[in-house]
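Residue numbers (our numbering): 181 to 479. The beta-carbon is built from N, C-alpha and C at its ideal position, and this holds for glycine as well. Below is one structure, written out as structure tokens; the observations come after it.
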């Protein structure tokens, strides 16, 4: 028994006539008659009583009709779900994100994406850039919001969404807090709180490069993975830090953020959407389109 036979059975039951059923099914009458007879043989019982004017359902046929209709309905639902998934409108999308994406990008992106694509379930996982890229290459994530620049090449593409620069974060009671901006070399004697090189190599490398351009090697006394944690440690008076300027949007009163008057940043930092190279997954492409629309103010 297959779906084609069920469709033929239902059509014949609803029309009560082989000729009309064949017309509905766009097939000749003899093959339909043969197919129905084979179905009855497979089931081991007659489904129809043949009469000169047509057919009528037997008791077994009446019992089978409801289940046949239900089976065809669920088959149609399964087909629609498969087509929707293939077109990127159904299924689950696994997205990794860094903590900094929660400041502005995610609050704009997620509601807009869910409204436009309600059939796609977003599975969000906070992590570091290095871990997200690793999970992406292992196909444990479909895409990720990561921090760039990326120091190592890999099997992924990066689409910049937000660009940013480093600013100095100092305690509110620091002598430097009264300044409007600051040369980085003015902080050379301060203890620094930095991202660990192993967990956040890109931001660590850019911060170290800026300090070296300013003529000193920072004395790192504390390390933290998340920007929010670094800012909290600065507020606690444990040192100063270089953080992305996006952190200033939700600053605590115990921290003062100062633009760097020198050295000028050699390269910009920011957030990008990472996806596997040549990934044609339509869900990922839809998420990328939504992300670009969100940062351009169209979402």
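**Report entry** Anticipated Cβ contact below 8 Å, residue 424 with residue 346, distance rounded
**Finding:** Correct: roughly 7 Å between the Cβ atoms.
Query - One or two residues paired with residue 374 in a DSSP bridge - result: Paired residues: 403.
Query raised in the report: Between 284, 286, 270, which lies nearest to residue 301 when the distance is taken from Cα to Cα?
Result: Cα-wise, what sits closest to residue 301 is 270.
Query raised in the report: Is the CB-CB distance between residue 324 and residue 313 below 8 Å?
Result: In contact: residue 324 and residue 313 (Cβ atoms closer than 8 Å).
Requested in this report: Check each candidate in 330, 223, 373 and name the one with the smallest Cα separation from residue 310.
Outcome: Checked all of 330, 223, 373; the closest Cα to residue 310 is 330.
**Report entry** C-alpha gap between residue 263 and residue 392, whole angstroms
**Finding:** When rounded, the distance between both Cα atoms is 55 Å.
Query raised in the report: Secondary structure at residue 327, three-state DSSP: helix, strand or coil?
Result: It is a strand residue.
Requested in this report: For the beta strand (DSSP E) containing residue 301, list its first residue and its last residue.
Outcome: From DSSP, the beta strand (DSSP E) with residue 301 extends over 300-306.
Requested in this report: Could you spell out the range, first to last residue, of the beta strand (DSSP E) harbouring residue 337?
Outcome: Counting along the chain, the beta strand (DSSP E) containing residue 337 begins and ends at 336-344.
Requested in this report: Pull up the CB-CB distance for residue 454 and residue 326, whole angstroms please, since I reckon it's below 8 Å.
Outcome: Taking the Cβ atoms as the reference, residue 454 lies roughly 5 Å from residue 326, within the contact range of under 8 Å.
Query raised in the report: Near residue 384, which residues of its chain fall below 8 Å by C-beta distance, leaving aside the five closest residues on each side in sequence?
Result: Cβ neighbours of residue 384 beyond the five flanking positions: 374, 375, 376, 377.
Query raised in the report: Count the other CB atoms within 10 Å of the CB of residue 217; is the residue buried (16 or more) or exposed (fewer)?
Result: Residue 217 comes out exposed.
Query raised in the report: With DSSP run on the structure shown, which of helix, strand or coil describes residue 351?
Result: DSSP places residue 351 in strand when its eight states are reduced to three.
Query raised in the report: Taking Cβ to Cβ, would you say residue 276 is nearer than 8 Å to residue 315?
Result: Judged by their CB atoms, residue 276 and residue 315 are nearer to each other than the 8 Å cut-off.
Query raised in the report: According to DSSP, is residue 381 helix, strand or coil?
Result: Of the three classes helix, strand and coil, the one that applies to residue 381 here is helix, per DSSP.
Report task. Give me the Cα-Cα distance between residue 320 and residue 239, rounded to the nearest whole angstrom. Result -> Their Cα atoms are separated by approximately 53 Å.
Query - Own chain residues within Cβ distance below 6 Å of residue 322, not counting five before or after - result: Within the same chain, Cβ atoms closer than 6 Å to the Cβ of residue 322 are found at 273, 274, 464, the five residues on either side in sequence being excluded.
Query raised in the report: For residue 212, which residues from the same chain have a beta carbon less than 8 Å from its beta carbon, with the 5 sequence-adjacent residues on both sides left out?
Result: So the qualifying residues of the chain are 188, 192, 198, 201, 202, 205.
Query - Own chain residues within Cβ distance below 8 Å of residue 468, not counting five before or after - result: Here the set comprises 323, 339, 453, 455.
Report task. Please classify residue 274: does DSSP put it in a helix, a strand, or coil? Result -> Residue 274 falls in the strand class under three-state DSSP.
Report task. Take the Cβ of residue 430 as the centre, count every other Cβ of all protein chains shown within 10 Å, and call the residue buried at 16 or more, exposed below. Result -> Residue 430 is exposed by the Cβ-count criterion.
Query raised in the report: Are the segment 434-445 and the segment 346-357 in contact at 8 Å, needing three or more beta carbon pairs?
Result: A contact is defined here as three or more CB-CB pairs under 8 Å, and the segment 434-445 meets this definition with respect to the segment 346-357.
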